[in-house]
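J.:
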Amino acid sequence: MKKAELEKSQPMEKQILTEENTSPEELPKTKTPKTLPKVDIKNLLSNIILKFKNLKKPKPIVLITLTVSIILVFVAILLLSTRQPKPQPQTTVKIVIPTPSTPKDEELDNIKKEISIFSNELISLDSQLNSIEFPKIDLDINFD
Amino acid sequence: MDAYTGLSRVNQGAKIKLMPIYRLIVNSKLSIVKSIAVLLVLLAPLTFSSLISHHSSLVLGQSPLELSKENYSLQLTKLNDTHEAYITAKSNYLSFKSATAKNDAFIKTKEYLHQVDELLTLYLKLVRSFSDNANWQSSNFSKEEQNNIIQEESTFVSDHQAKIDKATTLEELTPLAKDLKTHLEESTNPRINKIIVTLDIVQTQSTSEKFNQLSARVNEFVASRIKADNKSLLINWQSETANIKEKTQNNLNLVLQSFTKIKDDRNNLYQAAQTLKVNKQAKDELKKSKDLFEEMLKVI
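Following this line, the structure appears as structure tokens:
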């Protein structure tokens, strides 16, 4: 295509024409998305176990690991137990009773309490001194 | 290889005896065994600490009286054990008459007599705790007087224990045991019996006083609130409480008369028992008021 024809054509046509004229080498390369390499967890675990088995002294390592984990868990439990729960804001629901509330009879409550204490005293009246009977002791010590 | 321990049969016999649990944990391929071991190790200090705090709270929560009761009870068990050991040692000595058997009899008898004094000390402390716990305000009996008697007896027992501890031969122990027996029969036992009767009376007097106060209060309260229909019920209740009050007081007077006859000698057991019997009648009279109070409150 001649240059004069290209200059005369419309912008969209221009673009099509330039694309047709350019060689494939000149075209910009599009980026393909990178994919992560697949990890075989089973293989990884078996490798770790294998490496662990090949260690010269596995038992002390097991013991150290256990001890450290025990200490960590114990400290965590202690921290959890010492942490006091935050006081939650109390959601008080006010119940409005239409009828007038009856006043608490304190005098009656006090008398009931006193009667209860006295009744308990009456119940334990006999059992109190039962446990202090004089002990029977063998003091006939002779070797004849 | 053993499936559970992970040890070869050759090793098993020799090594498993040394540290079987350690080997079981370390050698085991079963992760569950290790997990259980870890859990147990974790739970042990927690359980231990909770047990200690629980036990300490129990000990701290005990009253002096309850503590005295517990100490005395434990000492009774200990004394029974030393008594059995003394009986066995005595039997061996009487059978063989050897120096070794005599020495063993001496050690066991000395230990037994030491524990007897320990028991008596704890027993006297228990009586003292009861005395401290009693309400003496409603009574004419003197708390100090009773406590002085207890102190005198305690001093005798501790002196006797010191003598037992100093003894070096079997021959010394027999007269020391005899001394203690005589003192217990002629002094400690009758005096403490009298104190027990005193404590029983003091308790009844205190309860009687409380009954009088409470019945007066209930009477006043009920009279101000009772409906006119129930007036006769109140009058009958009043007569019933007055009856209890009168009978209790009569019994208490008889108790005090009987108490004066109790002497501080070995023959006071019968009189002490008679006094306790009359005192029980006073207690039984007071017990009738329990239902009476509750009944009256229901009427209001």
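Sequence lines, in order, name chains V and R.
Residues in the first sequence are numbered from 17 upward in steps of one, following this note's numbering.
Residues in the second sequence are numbered from 27 upward in steps of one, following this note's numbering.
Ideal placement from N, C-alpha and C gives every residue a C-beta, glycine not left out.
Using only CA atoms, which one of V:Glu130, V:Thr81 and V:Glu122 lies nearest to Thr233 (chain R)?
T.: Residue mapping note: residue 233 (chain R) aligns to position 207 of the second sequence, counting from 1. When only C-alpha atoms are compared, the closest one is V:Glu130.
J.: So, helix, strand or coil for His80 (chain R), using DSSP?
T.: Taking the first residue of the second sequence as position 1, residue 80 (chain R) is located at position 54. Summary for His80 (chain R): the model assigns pLDDT 47, below 50, so the residue's position carries little reliability; its value from the coordinates is reported in the next sentence. Residue state, collapsed to three classes: helix.
J.: Taking Thr181 (chain R) as the reference, which of R:Asp291, R:Leu148 and R:Ser89 has the closest Cα?
T.: Here the question's residue 181 (chain R) lines up with position 155 in the second sequence. Of the listed residues, the one whose Cα sits closest to Thr181 (chain R) is R:Leu148.
J.: Note down the Cα distance separating Phe159 (chain V) from Lys313 (chain R), rounded to an integer number of angstroms.
T.: Looking up residue 159 (chain V) in the first sequence gives position 143. Looking up residue 313 (chain R) in the second sequence gives position 287. Distance between the alpha carbons of Phe159 (chain V) and Lys313 (chain R) is about 53 angstroms.
J.: Am I right that Ile157 (chain V) and Leu199 (chain R) are in contact with their C-beta atoms under 8 angstroms? What's the rounded C-beta distance?
T.: For the purposes of this step, residue 157 (chain V) is taken as residue 141 along the first sequence, with counting starting at 1. For the purposes of this step, residue 199 (chain R) is taken as residue 173 along the second sequence, with counting starting at 1. The pair is a contact, with the Cβ atoms about 6 angstroms apart (cut-off 8 angstroms).
J.: Inspect the CB distances between the stretch 190–210 of chain R and the stretch 263–277 of chain R and report whether three or more fall short of 8 angstroms.
T.: Contact fails: fewer than three Cβ-Cβ distances are below 8 angstroms.
J.: Residue range of the alpha helix (DSSP H) that Ala127 (chain R) falls in?
T.: Locating residue 127 (chain R) in the second sequence gives position 101, where the first residue counts as 1. Run containing Ala127 (chain R): Ala125 to Asn159, per the alpha helix (DSSP H) assignment.
J.: Once the 5 residues before and after Asn173 (chain R) are set aside, which same chain residues still bring their CB inside 7 angstroms of it?
T.: The sequence position of residue 173 (chain R) within the second sequence is 147, counting from 1. Here the set comprises Arg154 and Ser157.
J.: By how many angstroms is the C-alpha of Leu100 (chain R) removed from the C-alpha of Trp263 (chain R)?
T.: For the purposes of this step, residue 263 (chain R) is identified with residue 237 of the second sequence, where counting begins at 1. For the purposes of this step, residue 100 (chain R) is identified with residue 74 of the second sequence, where counting begins at 1. In a straight line, the C-alpha of Trp263 (chain R) is about 48 angstroms away from that of Leu100 (chain R).
J.: Any idea if Gly39 (chain R) is buried or exposed, counting beta-carbon neighbours within 10 angstroms, 16 or more meaning buried?
T.: Residue 39 (chain R) sits at position 13 when you count from the first residue of the second sequence. Note on Gly39 (chain R): pLDDT 43, under 50, position unreliable in the model; the coordinate value appears next. The residue is exposed, with fewer than 16 neighbouring Cβ atoms inside 10 Å.
J.: Assess contact between the stretch 122–142 of chain V and the stretch 87–97 of chain R, defined as three or more Cβ pairs (one per stretch) separated by less than 8 angstroms. Is contact present?
T.: No, they do not touch.
J.: Is the CB of Asp142 (chain V) under 8 angstroms away from at least one CB in chain R?
T.: Against the first sequence, residue 142 (chain V) aligns to sequence position 126. At least one chain R Cβ lies under 8 angstroms of Asp142 (chain V).
J.: Is the Cβ-Cβ distance between Ile221 (chain R) and Ile176 (chain R) less than 8 angstroms?
T.: The residue given as residue 221 (chain R) occupies position 195 in the second sequence. The residue given as residue 176 (chain R) occupies position 150 in the second sequence. It is a contact, given that the beta carbons lie within the stated cut-off.
J.: Roughly how many whole angstroms lie between the Cα atoms of Lys86 (chain V) and Gln88 (chain R)?
T.: For the purposes of this step, residue 86 (chain V) is identified with residue 70 of the first sequence, where counting begins at 1. For the purposes of this step, residue 88 (chain R) is identified with residue 62 of the second sequence, where counting begins at 1. Lys is not the amino acid found at residue 86 (chain V); the sequence shown has Ile there. Rounded to whole angstroms, Ile86 (chain V) to Gln88 (chain R) spans 37 angstroms at the Cα level.
J.: Alpha carbon to alpha carbon, how far is Leu206 (chain R) from Glu212 (chain R)?
T.: As a first step, residue 206 (chain R) is located in the second sequence; it is residue number 180 there, counting from the start. As a first step, residue 212 (chain R) is located in the second sequence; it is residue number 186 there, counting from the start. When rounded, the distance between both Cα atoms is 10 angstroms.
J.: State yes or no: is the beta carbon of Lys271 (chain R) nearer than 8 angstroms to at least one beta carbon in chain V?
T.: The residue you call residue 271 (chain R) lines up with position 245 of the second sequence. By this cut-off, Lys271 (chain R) is not an interface position.
J.: Rounded to the nearest angstrom, what separates Asp107 (chain R) and Val244 (chain R) at their Cα positions?
T.: Counted from its first residue, the second sequence places residue 107 (chain R) at position 81. Counted from its first residue, the second sequence places residue 244 (chain R) at position 218. Between Asp107 (chain R) and Val244 (chain R), the C-alpha separation is close to 54 angstroms.
J.: Within 10 angstroms of the Cβ of Asn305 (chain R), are there 16 or more other Cβ atoms? Answer buried if so, exposed if not.
T.: Mapped onto the second sequence, residue 305 (chain R) falls at position 279. When all chains shown are included, Asn305 (chain R) counts as buried.
J.: When you check each C-beta in the stretch 146–158 of chain V against every C-beta of chain R, which residues fall closer than 7 angstroms?
T.: Against chain R - using a Cβ distance shorter than 7 angstroms - the residues of the stretch 146–158 of chain V are Ser147, Ile148, Phe150, Pro151, Ile153, Asp154, Leu155, Ile157 and Asn158.
J.: Thinking just about the alpha-carbon of each residue, which of R:Gln300, R:Leu240, R:Thr286 and R:Arg292 is nearest to the one in Lys128 (chain V)?
T.: Looking up residue 128 (chain V) in the first sequence gives position 112. Of the candidates R:Gln300, R:Leu240, R:Thr286 and R:Arg292, the one whose C-alpha sits nearest the C-alpha of Lys128 (chain V) is R:Leu240.
J.: Quick one: what does DSSP say Glu149 (chain V) is sitting in, helix, strand or coil?
T.: The sequence position of residue 149 (chain V) within the first sequence is 133, counting from 1. Glu149 (chain V): coil per DSSP, three-state reduction.
J.: For the candidate residues R:Thr114, R:Ile218, R:Lys309 and R:Ala111, whose alpha-carbon lies nearest to that of Lys236 (chain R)?
T.: The residue labelled residue 236 (chain R) in the question sits at position 210 within the second sequence. Comparing Cα-Cα distances from Lys236 (chain R) to each of R:Thr114, R:Ile218, R:Lys309 and R:Ala111, the minimum goes to R:Lys309.
J.: I'd like to check one pair, Tyr119 (chain R) with Ala131 (chain R): are the Cβ atoms closer than 8 angstroms?
T.: For the purposes of this step, residue 131 (chain R) is taken as the residue at position 105 of the second sequence. For the purposes of this step, residue 119 (chain R) is taken as the residue at position 93 of the second sequence. The answer is yes: Cβ separation under 8 angstroms.
J.: For Gln307 (chain R), which of R:Asp290, R:Phe319 and R:Asp226 has the nearest alpha-carbon?
T.: Position 281 of the second sequence, counting from 1, holds the residue named residue 307 (chain R). Ranking the options by Cα distance to Gln307 (chain R), first place goes to R:Asp226.
J.: Jot down the residue ranges of each uninterrupted alpha helix (DSSP H) in the stretch 202–286 of chain R, minimum 4 residues, whole runs only, in chain order.
T.: With a minimum length of 4 residues, the continuous alpha helix (DSSP H) runs that stay inside the stretch 202–286 of chain R are 215–251 and 257–286.
J.: If we count the other Cβ atoms within 10 Å of its Cβ and call it buried at 16 or more, is Ser83 (chain R) buried or exposed?
T.: Taking the first residue of the second sequence as position 1, residue 83 (chain R) is located at position 57. Confidence at Ser83 (chain R) is low in this model, with a pLDDT of 44, below 50, so the placement of that residue should be treated as unreliable; the coordinate-derived value is given next. Counting Cβ neighbours within 10 Å, Ser83 (chain R) comes out exposed, since fewer than 16 surround it.
J.: First and last residue of the alpha helix (DSSP H) that includes Ala308 (chain R)?
T.: Position 282 of the second sequence, counting from 1, holds the residue named residue 308 (chain R). Note, Ala308 (chain R): alpha helix (DSSP H), Leu295 to Lys313.
J.: Between which two residues does the alpha helix (DSSP H) containing Lys129 (chain V) stretch?
T.: Here residue 129 (chain V) corresponds to residue number 113 of the first sequence, with the count starting at 1. From DSSP, the alpha helix (DSSP H) with Lys129 (chain V) extends over Glu122 to Ile139.
J.: Are the beta-carbon atoms of Ser165 (chain R) and Val223 (chain R) separated by less than 8 angstroms?
T.: Your numbering for residue 165 (chain R) matches position 139 in the second sequence. Your numbering for residue 223 (chain R) matches position 197 in the second sequence. For Ser165 (chain R) and Val223 (chain R), no; Cβs fall outside 8 angstroms.
J.: Checking contacts by CB at 8 angstroms: is Asn238 (chain R) closer than that to chain V?
T.: Mapped onto the second sequence, residue 238 (chain R) falls at position 212. Not closer than 8 angstroms to any Cβ of chain V, the Cβ of Asn238 (chain R) fails to qualify, so no.
J.: Since Arg243 (chain R) meets chain V, which of its residues come closer than 8 angstroms, beta carbon to beta carbon?
T.: Position 217 of the second sequence, counted from the first residue, corresponds to residue 243 (chain R). Near Arg243 (chain R) (Cβ distances below 8 angstroms), the residues of chain V are Ile127 and Glu130.
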